[in-house]
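Protein chains: 2
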Amino acid sequence: MRIQLLLTGNEIMSGHTVDSNSAMIAEQLHSKAYEVYRKVTIGDDFDLLVEEIRHISTHSEVLIINGGLGPTVDDLTAQALATASGQAIVIHEAALKHVTDWYDRRKIRFSDSAKKQALLPEHCQLIDNPTGSAVGFYCDYQGCLIICTPGVPSELRRMMNESVLDLISQRFPNQLTPSTLRLQTFGLGESFVQELVNKNYPHWPKEVELGFRAGMPQLELKLAIQQAEHQKLQQQCYQWLQQEVGDSIIGADNCSLAEAVLTTLKQQQQTLCCAESCTGGLIAAMLTEVPGSSAAFEGGVVSYSNHCKQQLLDVDSQLLQQHGAVSEPVVRAMAEGALVKTGADYAIAISGIAGPDGGSDDKPVGTVYIGWGKHNAISVIKLCYPQPRTAFQKMMAAVALDMLRRELLGLNLTPSFIKRYIVE
Amino acid sequence: MRIQLLLTGNEIMSGHTVDSNSAMIAEQLHSKAYEVYRKVTIGDDFDLLVEEIRHISTHSEVLIINGGLGPTVDDLTAQALATASGQAIVIHEAALKHVTDWYDRRKIRFSDSAKKQALLPEHCQLIDNPTGSAVGFYCDYQGCLIICTPGVPSELRRMMNESVLDLISQRFPNQLTPSTLRLQTFGLGESFVQELVNKNYPHWPKEVELGFRAGMPQLELKLAIQQAEHQKLQQQCYQWLQQEVGDSIIGADNCSLAEAVLTTLKQQQQTLCCAESCTGGLIAAMLTEVPGSSAAFEGGVVSYSNHCKQQLLDVDSQLLQQHGAVSEPVVRAMAEGALVKTGADYAIAISGIAGPDGGSDDKPVGTVYIGWGKHNAISVIKLCYPQPRTAFQKMMAAVALDMLRRELLGLNLTPSFIKRYIVE
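If you read the protein sequences in the order shown, they are chains W and S. Residue numbering for the first sequence is 1 to 424, as defined by UniProt numbering. Residue numbering for the second sequence is 1 to 424, as defined by UniProt numbering.
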């Protein structure tokens with residue numbers, strides 16, 4: 001059974017608006033084991049709209065049209081569907097009542113353009129719109145169920161949930177019970193994992209689809225099955241990934257590095273602080289973005305200037321003069337200073353040259369020292385990651401969190417992605 | 001001349017990823033006065049991909065394919081284009097050199113799946129990818145210029161800018177010389193500005209297209225003209241916007257709030273520090289994301305726990321007990337403490353309840369105190385902005401920066417968007 005989407009609106013063609021509706025529709029369908037087969041997006045072009053409706057309805061069993069139900073002249077969906085399917089367009093009394101009530105409740109003068117929202121194809125059925133002025137509607141044409149939905153995201157969401165999904169599943173009952181296992185990883189590349197599977201797991205079961213979603217800085221691995229009975233195979237693949245790259249798996253679903261670190265700290269009843277120079281507060285921001293972070297995060301210092309390193313973290317001015325702000329002794333002193341000031345159990349400290357300026361021959365842009373650990377047990381690594389400023393900051397903040405995560409969980413502290421950038 | 005887009009990828013069909021690439025492509029084409037006629041999106045389905053390429057290429061002069069250039073098995077674009085256009089698929093030496101160099105620079109072992117990115121249709125020309133491993137490529141088929149671009153947004157953006165736009169305009173020269181004036185604003189809504197124009201500027205020249213791009217937290221205003229001779233009109237509209245909403249205009253092009261604040265501080269030879277509780281380092285991170293921020297930003301404190309407020313900012317424990325951490329006196333003390341410790345001229349301080357937990361009857365979730373100013377001259381406002389945690393943090397960090405910006409520039413300190421959330 002093929003479902004297609006037809007999205008209409010000049011604003012989504014011009015790029016002024018990013019289309020988030022089709023993703024919402026796809027996710028809601030996915031939750032009922034329906035997939036979107038194909039999606040077409042066009043502007044407010046009547047002839048093209050008619051042509052697409054005719055073409056798509058002959059090539060699929062369900063067509064969801066989104067947008068173009070509003071009161072303005074460039075809202076063409078009802079007229080286009082009527083023309084495409086050879087129906088007259090008439091006032092539907094129930095729709096007229098809905099739109100007039102809607103305007104009355106808001107004390108807005110009811111205009112002719114508003115009345116337009118009740119002018120619908122003669123033989124269509126209405127779909128309630130609990131929040132908006134324009135009702136949805138559907139009809140059958142060339143064996144295709146055509147459903148027209150509003151472009152306003154909040155209205156669309158409720159209409160999908162409360163009407164459209166039922167409409168589709170009544171018409172096309174569905175035996176599948178898909179389930180996707182999502183794993184968040186850090187330090188792995190798509191091609192690396194794919195290679196690993198091809199090389200070490202040639203008999204990977206075809207029932208388990210391995211998918212990737214590259215984020216910055218994380219990579220999501222997905223194990224998707226279509227039938228509940230394949231869950232055992234899904235688990236096998238998961239176990240195998242655990243063996244092969246387990247130390248790079250942060251957690252399931254949407255788990256972030258910061259969340260993984262905070263969860264582990266809470267389990268171990270430990271607390272964390274940080275002292276940031278080149279990341280300028282980004283690590284603290286990543287941590288405090290997580291609800292409930294205060295249970296394990298004490299606070300931190302953004303010691304951007306040397307003056308701050310001395311005043312806020314008691315870093316010895318001697319050290320700064322002798323070794324420079326970007327050096328192992330200073331990062332160590334930043335970590336110790338933060339531990340003393342905040343009273344936390346663990347510290348993360350980082351100092352580097354984010355660029356574009358500030359590099360030198362012996363310390364080029366991209367040079368960074370990352371420290372983590374407990375009082376008198378601070379580990380420090382020196383990396384060189386010469387990337388654009390924000391990419392450098394995001395990646396190094398992630399590396400710092402990951403090193404602490406590995407320390408807390410007793411995992412390998414020199415994974416390949418670290419070895420790659422390490423400077424002896 | 002019709003341009004069509006073909007987007008491919010299971011992740012954008014499943015709804016896991018919202019497609020922002022097509023909006024970016026449309027905007028860049030728009031900047032050269034080209035419009036997108038139609039857009040088709042499909043999953044990683046080889047046969048369908050071949051069918052779409054054949055169909056679209058007979059119905060348009062330019063086809064931009066986005067996605068499917070990567071190293072994994074579900075990256076099918078090169079093979080599909082070769083099949084659709086009846087070409088062999090062969091290793092392109094230049095592409096192979098590009099991808100091997102890319103892996104070498106990153107010290108990643110070069111794998112067979114990586115090599116796949118050099119297997120391209122025999123007669124295609126390469127397009128340089130300055131940042132990614134997969135080159136772009138193009139060829140002609142059925143009188144249609146077919147251009148294949150990478151799905152990674154940052155790679156796509158540069159390839160469009162540096163190669164694809166030129167490729168199209170050389171092939172299809174266009175007499176228009178559009179120019180768009182982009183203004184970054186904070187605190188304005190799209191409909192507010194549109195109504196202002198309708199009401200106070202009924203004779204807005206039709207030659208100047210007013211566009212919007214809602215960002216979080218900024219709103220971009222665009223004044224687009226199609227002919228150089230209309231620049232005077234464009235300037236008139238700009239002047240008018242300056243009169244009406246000038247204090248909400250941060251700067252031109254991509255100027256961020258943090259950048260605007262830092263630029264003004266540098267001009268006034270002043271420096272800044274911050275003391276953050278509920279934003280947890282986000283303000284500092286926004287500031288230090290700007291290259292050269294160290295010239296005006298001294299550093300800051302993330303005083304998440306009360307202990308940190310006392311130890312790092314010398315906030316009196318009495319104050320904390322008497323008024324609570326989320327209170328005017330404490331925010332004032334945080335600002336003063338940060339000024340003393342960092343030696344900066346100006347401070348920003350913020351303390352609030354980001355939620356979802358931690359609210360009370362007299363201080364519900366969303367309550368926040370924002371302070372800014374110089375020693376002994378700290379202004380504090382109390383707002384209530386009950387939104388999801390990250391939205392709350394982003395918006396309140398932006399408000400804090402904007403209040404300082406307004407102070408530094410001597411602008412109105414109670415704009416309407418602040419009045420809306422202010423709590424007496």
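Glycine included, C-beta positions come from ideal geometry on N, C-alpha and C.
Listed by chain order, chain S residues near residue i by CB distance under 7 Å
{"i": "C308 (chain W)", "result": "E298, G299, T342"}
{"i": "S179 (chain W)", "result": "Neighbours of S179 (chain W) on chain S: none; closest Cβ ~13 Å, over 7 Å."}
Nearest-angstrom Cα separation, counted from residue j out to residue i
{"i": "G373 (chain S)", "j": "M334 (chain S)", "result": "12 Å"}
{"i": "L167 (chain S)", "j": "A82 (chain S)", "result": "20 Å"}
{"i": "I350 (chain S)", "j": "L313 (chain S)", "result": "13 Å"}
{"i": "C384 (chain W)", "j": "S294 (chain W)", "result": "32 Å"}
{"i": "E61 (chain S)", "j": "P173 (chain S)", "result": "13 Å"}
{"i": "V301 (chain S)", "j": "V331 (chain S)", "result": "13 Å"}
{"i": "T72 (chain W)", "j": "S111 (chain W)", "result": "11 Å"}
{"i": "N376 (chain W)", "j": "E336 (chain W)", "result": "8 Å"}
{"i": "H92 (chain S)", "j": "A134 (chain S)", "result": "12 Å"}
{"i": "T367 (chain W)", "j": "K266 (chain S)", "result": "27 Å"}
{"i": "E244 (chain W)", "j": "W204 (chain W)", "result": "14 Å"}
{"i": "G70 (chain W)", "j": "P150 (chain W)", "result": "8 Å"}
{"i": "A354 (chain W)", "j": "Y369 (chain W)", "result": "12 Å"}
{"i": "Y238 (chain W)", "j": "E27 (chain W)", "result": "23 Å"}
{"i": "Y34 (chain S)", "j": "Q4 (chain S)", "result": "11 Å"}
{"i": "M1 (chain W)", "j": "C144 (chain W)", "result": "10 Å"}
{"i": "D361 (chain W)", "j": "Q218 (chain S)", "result": "39 Å"}
{"i": "E424 (chain W)", "j": "G371 (chain W)", "result": "15 Å"}
{"i": "R38 (chain S)", "j": "I283 (chain S)", "result": "41 Å"}
{"i": "A114 (chain S)", "j": "R106 (chain S)", "result": "13 Å"}
{"i": "L48 (chain S)", "j": "I42 (chain S)", "result": "8 Å"}
{"i": "E155 (chain S)", "j": "P130 (chain S)", "result": "7 Å"}
Reference residue i; option with closest CA among the options
{"i": "S277 (chain S)", "options": "S:A118, S:G292, S:Q310", "result": "S:Q310"}
{"i": "A29 (chain W)", "options": "W:E155, W:L176, W:Y138, W:D316", "result": "Looking at the sequence shown, residue 29 (chain W) is not Ala but Leu. Closest option to L29 (chain W), Cα to Cα, is W:L176."}
{"i": "E122 (chain S)", "options": "S:G132, S:I89, S:P153, S:D128", "result": "S:I89"}
{"i": "L223 (chain S)", "options": "S:M24, S:V50, S:T180", "result": "S:T180"}
{"i": "T264 (chain W)", "options": "W:K97, W:D402, W:M159, W:V50", "result": "W:D402"}
{"i": "G358 (chain S)", "options": "W:C308, W:P291, W:R182, W:L272", "result": "W:P291"}
{"i": "G67 (chain S)", "options": "S:F212, S:F46, S:S85", "result": "S:F46"}
Chain S residues whose Cβ lies nearer than 9 Å to that of residue i
{"i": "I168 (chain W)", "result": "In chain order: nothing, as chain S lies at least about 15 Å away."}
{"i": "P130 (chain W)", "result": "The premise fails here: P130 (chain W) is roughly 22 Å from chain S at the closest Cβ pair, so nothing lies under 9 Å."}
{"i": "residue 452 (chain W)", "result": "Any question about residue 452 (chain W) goes unanswered here, given that chain W covers just 1 to 424."}
{"i": "P356 (chain W)", "result": "P291, G292"}
Interface partners of residue i on chain W, CB under 8 Å
{"i": "R106 (chain S)", "result": "R420"}
{"i": "R38 (chain S)", "result": "V40, T41, I42, L48"}
{"i": "F417 (chain S)", "result": "Chain W residues near F417 (chain S): none, gap ~21 Å exceeds 8 Å."}
{"i": "A400 (chain S)", "result": "In chain order: nothing, as chain W lies at least about 13 Å away."}
Residue span of the alpha helix (DSSP H) that contains residue i, given as start and end
{"i": "Y103 (chain W)", "result": "93–105"}
{"i": "A325 (chain S)", "result": "From DSSP, A325 (chain S) is part of no alpha helix (DSSP H); its letter is neither H nor E."}
{"i": "C306 (chain S)", "result": "One detail in the question is off: residue 306 (chain S) reads as Asn in this sequence, not Cys. 306–313 is the extent of the alpha helix (DSSP H) around N306 (chain S)."}
The beta strand (DSSP E) enclosing residue i, as first and last residue numbers
{"i": "A347 (chain W)", "result": "346–352"}
{"i": "V40 (chain W)", "result": "36–42"}
{"i": "R213 (chain W)", "result": "209–214"}
{"i": "Y420 (chain W)", "result": "Note that residue 420 (chain W) is Arg in the sequence shown, not Tyr. R420 (chain W) -> no beta strand (DSSP E), and no H or E assigned at all."}
{"i": "Y392 (chain S)", "result": "Residue identity differs from the one stated: residue 392 (chain S) is Phe in this sequence, not Tyr. Here F392 (chain S) belongs to no beta strand (DSSP E); instead the alpha helix (DSSP H) covers 389–409."}
{"i": "Q234 (chain W)", "result": "Here Q234 (chain W) belongs to no beta strand (DSSP E); instead the alpha helix (DSSP H) covers 231–245."}
{"i": "A275 (chain S)", "result": "272–276"}
Chain-ordered chain W contacts of residue i [CB-CB under 9 Å]
{"i": "K234 (chain S)", "result": "A small fix is needed here, since residue 234 (chain S) is Gln in this sequence, not Lys. Per Cβ cutoff of 9 Å: no residues; Q234 (chain S) is ~18 Å from chain W at best."}
{"i": "S60 (chain S)", "result": "Within 9 Å Cβ-Cβ: nothing; S60 (chain S) doesn't reach chain W, min ~12 Å."}
Where residue i meets chain S, residues with beta-carbon distance less than 8 Å
{"i": "E190 (chain W)", "result": "G70, P71, T72"}
Contact set between residue i and chain W, taken where Cβ atoms lie within less than 7 Å
{"i": "H30 (chain S)", "result": "S14, G15"}
By the 9 Å beta-carbon criterion, what residues does the segment 64–89 of chain S contribute toward chain W?
G70, P71, T72, V73, D74
Check each residue of the segment 2–23 of chain S: if its Cβ is closer than 7 Å to any Cβ of chain W, include it; give the result in chain order.
N10, E11, M13, S14, G15, H16, T17, V18, D19, S20, A23
Along the segment 305–330 of chain S, what residues have a CB closer than 7 Å to any CB found in chain W?
S305, H307, C308, Q311, L312
Mind listing which residues of the segment 263–275 of chain S have their C-beta closer than 9 Å to chain W's C-betas, in chain order?
T271, C273, C274
Contact residues within the segment 277–294 of chain S, judged by C-beta distance below 9 Å to chain W
S277, C278, T279, G280, G281, L282, I283, A284, A285, M286, L287, T288, E289, V290, P291, G292, S293, S294
If contact means a Cβ-Cβ distance below 9 Å, which residues of the segment 367–395 of chain S contact chain W?
Listed by position along the chain: R389, T390, Q393.
Using a Cβ-Cβ cutoff of 8 Å, what residues of the segment 208–223 of chain S are near chain W? List them in chain order.
The segment 208–223 of chain S vs chain W, Cβ under 8 Å: G211, F212, R213.
Identify each residue in the segment 227–261 of chain W for which the Cβ-Cβ distance to at least one residue of chain S is less than 9 Å, and report them in chain order.
Cβ contacts with chain S come from no residue of the segment 227–261 of chain W.
Taking only beta carbons into account, state which residues of the segment 132–161 of chain S come closer than 8 Å to chain W, listed in chain order.
V152
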